[in-house]
Amino acid sequence: DAGITQSPRHKVTETGTPVTLRCHQTENHRYMYWYRQDPGHGLRLIHYSYGVKDTDKGEVSDGYSVSRSKTEDFLLTLESATSSQTSVYFCAISSGTDNEKLFFGSGTQLSVL
Amino acid sequence: GENVEQHPSTLSVQEGDSAVIKCTYSDSASNYFPWYKQELGKRPQLIIDIRSNVGEKKDQRIAVTLNKTAKHFSLHITETQPEDSAVYFCAGDTGRRALTFGSGTRLQVQP
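Residue numbers (the numbering used here), protein chains in the order written: chain A, 185 to 297; chain B, 1490 to 1600.
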């Protein structure tokens, strides 16, 4: 599983509440990513990080923020969750020598009611 | 940025037949094109990839072809088996160490 874990695995929350998803890796990879998966849209990049405190936006970054204070942890925060953010969220890391090869975590199913 | 289109969205084949999934991309600077397989309820997993300096790559029953001039690439699965049933995603690199994915193809292999 490339040493990547996501928590929680499932979460149900209410509209307007803040939510934080955690991605943890054990192999000291530099690059980490957050994608969301929705039917008919494939996997869409939310944010990614290329080092501690170095992050950049993806194609669907509105309503999301990220933080990376340690190499091993990449947090995704929904400041005020909306129903349109109901989705499956996948964290990914890229391998050392081939930065483009992504390895995904098990995903977090988030439901915003 | 990169835009990747994938078709068909669903594909049903008989066991033993071949399956072909096609993708097109927009950014001529892209040079890395992986394919991921996602079984129901599981994470996407890399099954094969190709770089722009190669026209074809094979790994047992799966192969990927790339036409840089036309900006399209394809996944070929031969002698399909029921365990090949899954959703397949193509992707292209964005030049920022991130991937843009196609919308996915649901492959159903009928026994």
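Even for Gly, the Cβ is constructed at its ideal location relative to N, Cα and C.
These figures come from a predicted structure and were not determined experimentally.
Check	Outcome
If you draw a straight line from the C-alpha of A1569/B to the C-alpha of E198/A, how long is it?	According to the sequence as given, residue 1569/B is Thr; it is not Ala. Each residue's Cα considered, the two are about 44 Å apart.
Spell out whether any CB of chain A is found under 8 Å from the CB atom of R1532/B.	yes
Does any residue of chain A have a CB that is nearer than 8 Å to the CB of N1587/B?	Inspection of the sequence shows that residue 1587/B is occupied by Ala rather than by Asn. Yes, because at least one Cβ of chain A sits closer than 8 Å to the Cβ of A1587/B.
So is A1601/B buried or exposed if we call it buried at 16+ other beta carbons inside 10 Å?	The shown model of chain B, from 1490 to 1600, leaves out residue 1601/B, and the question about it has no answer.
Is the Cβ-Cβ distance between P1497/B and T1594/B less than 8 Å?	yes
Between the C-alpha atoms of S251/A and I1537/B, what's the straight-line distance to the nearest angstrom?	31 Å
Check each residue of the region 214-235 of chain A: if its Cβ is closer than 7 Å to any Cβ of chain B, include it; give the result in chain order.	Y215, Y217, G224, H225, G226, L227, L229, Y232, Y234
Helix, strand or coil for S1501/B, going by three-state DSSP, please let me know.	strand
How long is the line joining the alpha carbons of L297/A and S267/A, rounded to whole angstroms?	6 Å
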